[in-house]
Amino acid sequence: MEVVRNCSLKKFNTFNVDEKAKVLVEIDKVGDLFTFLSKENQKDKMLVLGGGSNILFTKSYEGIIISLKNKGIELIDEDENNVLVEVSSGESWNDFVLWAVENNFGGVENLSLIPGNVGAAPIQNIGAYGVELKDIFHSCKGIMIDSLNEFELTKEECEFNYRSSIFKSTYKNKTIITSVKLILTKSKHNFNIEYKGLKENLLGKELTIKKISDQVIRIRKSKLPDPKSYGNCGSFFKNPIVNISKHEYLLNKFPDIPFFKIDNNNYKISAAWLIDQCNFKNKKVKDVGVYSNQPLVIINHGNAKGKDILHFANEIKGTVYGNFEIELEEEVLIL
Ligand SMILES: Cc1cc2nc3c(=O)[nH]c(=O)nc-3n(C[C@H](O)[C@H](O)[C@H](O)COP(=O)(O)OP(=O)(O)OC[C@H]3O[C@@H](n4cnc5c(N)ncnc54)[C@H](O)[C@@H]3O)c2cc1C
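Numbering follows the numbering used here, in which position 145 of the sequence shown is assigned residue number 147; successive positions increment by one, without gaps.
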């Protein structure tokens, strides 16, 4: 366990903004987490930090940041079709996916190369290329910050939804997830290549978990900026969901608007398209701009401050609302 006071957060967030934390504690064992939390008088606010790939710091954090680094991947059950694995929160999500691919365990290959740690994956029910965490999720273990009681929550109890879960509502800032259990498949035939970029490249070919993972990685590398080169948090906004009457209104006014039907009453609209239509594609203000290949990604070209990024994001939000009467909602946590 290492405690650093007045700690620079620059290397702890993928926007690469240089704010400070009053205290940052790096913890690599769950036992040390209990020791730390029980000694702490808990007057200070607390934030659990994974890879910092979904957080925008706009000011110093006047509290305690817990950076959880516990490691381990354990195969805890197995039958002829599936394996149940328990993965510690401090594992890198992509290292875990690569482990699954190497062992020929299916289910997470579409989620290759998503930055961040395993412990954060349930928070927003990470998703990509037609798969969400909830599709393979079994349960997660953790600690309630106030009482220090341990918990284990099932998939149903986590209330997963599009980029959300109970950890963003009832349990917001109340829990520390210490491990996640996932059910992976041994099947060699149960693939999801419905997503356009995957179908185009893989349809008709003999599929393997590795081929799908490799293709996802190729597409992601061509579309998304590497935070090491350009600070970013992936999609800044969620794709907005509108009801049928709003959808009909939009379709009448903007016949090209891309959408995805969720059910008979709800439609998901492409936030990237909305932003693109507002001419933000090549816009740059000081060190902040949108990524040329993907307008949903806001990037730090160098030394942008968190406040500059937030200001730019708010400008996008206001313009989209002005043109489409759609309120974009941030996917990124703003602090
Ligand atoms: C280039 C790029 C591409 C991306 N692509 C995708 C994508 O395709 N799909 C997608 O869903 N996301 C994507 N993201 C967003 C991000 O990678 C995910 O949200 C990821 O799960 C965040 O993990 P993290 O460890 O960095 O979390 P952090 O940013 O550190 O934290 C995010 C939230 O989780 C909480 N948290 C973190 N760990 C714990 C824990 N152990 N217990 C309790 N709370 C915790 C934090 O307090 C915070 O509220 C992308 C980001 C980048 C930079």
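Every residue, glycine too, gets a C-beta built ideally from N, C-alpha and C. Please read all numbers here as calculations on a predicted model, not as lab measurements.
Does any heavy atom of ligand 1 sit closer than 8 Å to the C-beta of F169? Locating residue 169 in the sequence shown gives position 167, where the first residue counts as 1. True, at least one ligand heavy atom lies under 8 Å from that Cβ.
Output the boundary residues of the alpha helix (DSSP H) element that contains A274. The count along the sequence shown starts at 1 and reaches residue 274 at position 272. Element bounds for A274: A273 to Q279.
Report the partner residues of S9 according to the DSSP bridge assignment. Here residue 9 is taken as the residue at index 7 of the sequence shown, counted from 1. According to the sequence displayed, residue 9 carries Cys and not Ser. C9 is bridged to A23.
Buried or exposed: K307, going by 16 or more other Cβ atoms within 10 Å of its Cβ? Here residue 307 refers to the residue found at position 305 when the sequence shown is read from its first residue. Buried, because 16 or more other Cβ atoms sit within 10 Å of the Cβ of K307.
Where K157 falls, given that 16 or more other Cβ within 10 Å makes a residue buried: Residue mapping note: residue 157 aligns to position 155 of the sequence shown, counting from 1. Classification for K157: buried.
Check for me: the beta strand (DSSP E) holding I75 runs from which residue to which? The sequence position of residue 75 within the sequence shown is 73, counting from 1. Start and end: I75 to E80.
Do S62 and E21 have their C-beta atoms closer together than 9 Å? For the purposes of this step, residue 62 is taken as the residue at position 60 of the sequence shown. For the purposes of this step, residue 21 is taken as the residue at position 19 of the sequence shown. Yes. Within cutoff.
What's the gap between the Cα of T321 and the Cα of F314? For this step, residue 321 is matched to residue 319 along the sequence shown. For this step, residue 314 is matched to residue 312 along the sequence shown. Rounded to whole angstroms, T321 to F314 spans 11 Å at the Cα level.
Can you tell which of M48, S69, I318 and A23 has its C-alpha closest to the C-alpha of T180? By 1-based counting over the sequence shown, the position of residue 180 is 178. Nearest option by C-alpha distance: S69.
So, L58 versus V299, is the Cβ gap smaller than 9 Å? Counting from 1 along the sequence shown, the entry for residue 58 is found at position 56. Counting from 1 along the sequence shown, the entry for residue 299 is found at position 297. Going by C-beta atoms, L58 is not nearer than 9 Å to V299.
Helix, strand or coil for N254? Go by DSSP, reduced to three states. Residue numbering aside, residue 254 sits at position 252 when the sequence shown is read from its first letter. Three-state result, N254: helix.
Looking at the structure shown, is L186 part of a helix, part of a strand, or coil, going by DSSP? By one-based count along the sequence shown, residue 186 stands at place 184. Three-state result, L186: strand.
If you count every other CB in all the chains shown that lies within 10 Å of the CB of K174, and 16 or more means buried, which is it? Here residue 174 refers to the residue found at position 172 of the sequence shown. By the 10 Å Cβ count, K174 comes out exposed.
Tell me which residue opens and which closes the beta strand (DSSP E) that I346 is part of. Shown here, the chain extends from 3 to 337; a query on residue 346 therefore has no answer.
Note the first and the last residue of the continuous beta strand (DSSP E) segment covering Q296. Sequence index remark: in the sequence shown, residue 296 carries index 294 (1-based). Here the beta strand (DSSP E) through Q296 covers Q296 to N302.
From L11 to G52, what distance separates their C-alpha atoms? On the sequence shown, position 9 is the one that residue 11 refers to. On the sequence shown, position 50 is the one that residue 52 refers to. Whole-angstrom Cα-Cα distance: 12 Å.
May I ask you to check if the CB of W101 is nearer than 8 Å to at least one heavy atom of ligand 1? Residue numbering aside, residue 101 sits at position 99 when the sequence shown is read from its first letter. No, since every heavy atom of ligand 1 falls outside the 8 Å radius drawn around the Cβ of W101.
Could you tell me whether any non-hydrogen atom of ligand 1 is closer than 8 Å to the CB of C235? Working through the sequence shown from its first residue, we reach residue 235 at position 233. C235 Cβ: within cutoff of ligand 1.
Considering only heavy atoms of ligand 1, does any lie closer than 8 Å to the CB of P117? As a working mapping, residue 117 is identified with position 115 in the sequence shown. True, at least one ligand heavy atom lies under 8 Å from that Cβ.
Between which two residues does the beta strand (DSSP E) holding S1 run? With the chain covering only 3 through 337, there is no way to say anything about residue 1.
Using only CA atoms, which one of G291, N83, D46 and E76 lies nearest to G65? Within the sequence shown, the letter at position 63 stands for residue 65. Ranking G291, N83, D46 and E76 by Cα distance to G65 puts D46 first.
Can you give me the C-alpha to C-alpha distance between G132 and T210, rounded to a whole angstrom? Position 130 of the sequence shown holds residue 132. Position 208 of the sequence shown holds residue 210. Cα to Cα, G132 sits roughly 17 Å from T210.
Within the present structure, is the beta-carbon of E333 separated from the nearest heavy atom of ligand 1 by less than 8 Å? The sequence position of residue 333 within the sequence shown is 331, counting from 1. Yes, Cβ of E333 sits closer than 8 Å to a heavy atom of ligand 1.
Sorted by chain position, which residues of the same chain lie with C-beta nearer than 6 Å to E93's C-beta, five sequence neighbours on each side aside? The residue labelled residue 93 in the question sits at position 91 within the sequence shown. K73 and V120.
Buried or exposed for T16, please, with buried defined as at least 16 other CB atoms from any protein chain shown within 10 angstroms of its CB. Numbered from 1 along the sequence shown, position 14 holds the residue referred to as residue 16. Counting Cβ neighbours within 10 Å, T16 comes out buried, since at least 16 surround it.
Could I get the ranges of all uninterrupted beta strand (DSSP E) runs contained in the region 96–147, with 3 residues as the minimum, in chain order? 139–146
What residue does the beta strand (DSSP E) around L155 start on, and which one ends it? Position 153 of the sequence shown holds residue 155. Element bounds for L155: E152 to T156.
From S231 to E82, what does the alpha carbon distance come to, in whole angstroms? Position 229 of the sequence shown, counted from the first residue, corresponds to residue 231. Position 80 of the sequence shown, counted from the first residue, corresponds to residue 82. Rounded to the nearest angstrom, the two C-alpha atoms are 44 Å apart.
Whole-angstrom Cβ separation of A274 and P242, contact assumed at under 8 Å? Here residue 274 refers to the residue found at position 272 of the sequence shown. Here residue 242 refers to the residue found at position 240 of the sequence shown. Actually they do not touch by this definition, with Cβ atoms about 11 Å apart.
For the alpha helix (DSSP H) that L39 lies in, which residues bound it at each end? On the sequence shown, position 37 is the one that residue 39 refers to. L39 -> alpha helix (DSSP H) spans V32 to K41.
How many Å lie between S166 and F262 at the Cα? Counted from its first residue, the sequence shown places residue 166 at position 164. Counted from its first residue, the sequence shown places residue 262 at position 260. Rounded to the nearest angstrom, the two C-alpha atoms are 18 Å apart.
Helix, strand or coil: which one does DSSP assign to V334? Taking the sequence shown and counting its residues from 1, the one referred to as residue 334 is at position 332. If DSSP states are grouped into helix, strand and coil, V334 belongs with coil.
Exposed or buried, which one is I336 when buried takes at least 16 other CB atoms within 10 Å? Mapped onto the sequence shown, residue 336 falls at position 334. It counts as exposed.
Out of D258, N127, K190 and E331, state which residue places its alpha-carbon closest to the alpha-carbon of N105. Here residue 105 refers to the residue found at position 103 of the sequence shown. Nearest option by C-alpha distance: K190.
N18 beta carbon near ligand 1 (any heavy atom closer than 8 Å): Residue numbering aside, residue 18 sits at position 16 when the sequence shown is read from its first letter. No, Cβ of N18 sits at least 8 Å from all heavy atoms of ligand 1.
Pick helix, strand or coil for I259, following the three-state DSSP scheme. Counting from 1 along the sequence shown, the entry for residue 259 is found at position 257. Looking at I259 - three-state DSSP - the assignment turns out to be coil, as it is neither helix nor strand.
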